[in-house]
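Heads up: the structure comes next, in structure tokens.
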Amino acid sequence: HTYEPNGSIINDSVAGYNFDVVSGVVYNIDLSRPAGQRIRGLAYNGKIVQPSDSFTMAVNSYRQAGGGRYSMLAGARVVYDKGEDIRELLVDEIRRARTATSTGSSSHACGTGQMAVRSAGLRR
Numbered sequence: 003h004t005y006e007p008n009g010s011i012i013n014d015s016v017a018g019y020n021f022d023v024v025s026g027v028v029y030n031i032d033l034s035r036p037a038g039q040r041i042r043g044l045a046y047n048g049k050i051v052q053p054s055d056s057f058t059m060a061v062n063s064y065r066q067a068g069g070g071r072y073s074m075l076a077g078a079r080v081v082y083d084k085g086e087d088i089r090e091l092l093v094d095e096i097r098r099a100r101t102a103t104s105t106g107s108s109s110h111a112c113g114t115g116q117m118a119v120r121s122a123g124l125r126r
């Protein structure tokens, strides 16, 4: 999807649930290495991730069940299940705050633009 200045960044033909983002994570991809060994320099908040490190992640039930080719998450221990849809939680927070801000990181290119929240019932 190509972003047009002052245009919509929403492309309904692209499944949004397969684009996971973990804030604070940076890494390099070495395409010369075999699949499963391409990630190099994996770090979280500036600290190299060690094999013994563990993390707690917020994911939806689809991902937690191993959906989207994330079989390593299937059967992972559920720490907390509020039983609510992540999208609805985000919409509720945007309604509460009446704004949404997106910032880029050193590992991702990020431009500026406007975000339209559909079906959120937001008013100026």
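The working numbering applies: residue 3 is where the sequence shown begins, and numbers increase by one. Even for Gly, the Cβ is constructed at its ideal location relative to N, Cα and C.
- ARG98 sits in a helix when the DSSP states are folded into three classes.
- For the region 13–66, the full-length alpha helix (DSSP H) segments reaching 4 residues or more read 63–66 along the chain.
- The criterion of a C-beta distance shorter than 8 Å is satisfied by ALA76 and GLY68.
- Secondary structure at GLU90: helix, using DSSP grouped into helix, strand and coil.
- ARG40 counts as exposed, since fewer than 16 other C-beta atoms from the protein chains shown sit within 10 angstroms of its C-beta.
- Note on geometry: alpha-carbon atoms of ALA99 and SER63 lie some 26 Å from one another.
- Taking the C-beta atoms as reference points, THR58 is found no nearer than 8 Å to VAL28.
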